[in-house]
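Report on the following structure.
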Amino acid sequence: MDFVRVVKNSDDLDNIIKLPKGLRNRKVEIIILPFNDQDMSSKDQQSLRGVLSSYKNEALQSQEKEAWSRAVMDNYDNH
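With positions in the sequence shown counted from 1, the corresponding number in the working numbering is that position plus 295.
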């Protein structure tokens, strides 16, 4: 497998990628590997809905339709 490994000053990457503050003005190691679409097969991916399903609260689902209007009224009605 071909790859590239380079050590560069993070300032050289400023226009290419947004780096966290902790990596600015430092030497960083850049490793470039080929991306394989097969690695991201649909059977390995889980939908966001599936990931968050453990947090659902069926008792609150009946209140969802009115939640936004109630929140707006609670927030701005008292001001």
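Ideal Cβ positions, reconstructed from N, Cα and C, are used throughout, including at glycine.
May I ask which residues mark the beginning and end of the alpha helix (DSSP H) holding residue 365?
First-last of the alpha helix (DSSP H) with residue 365: 359 to 371.
According to DSSP, simplified to helix, strand and coil, what is residue 322?
Reduced to three states, the DSSP call for residue 322 is strand.
Distance check for residue 302 and residue 326, CA to CA, integer angstroms please.
Roughly 9 Å separates the two Cα atoms.
Can residue 316 and residue 304 be called in contact, C-beta distance under 8 Å?
No; because the gap between Cβ atoms is not below 8 Å, this pair is not in contact.
Provide the residue(s) that pair with residue 302 in DSSP beta bridges, ordered along the chain.
Answer by DSSP bridge pairing, in chain order: 324.
Expressed to the nearest angstrom, what Euclidean distance is found between the alpha-carbon atoms of residue 351 and residue 359?
When rounded, the distance between both Cα atoms is 12 Å.
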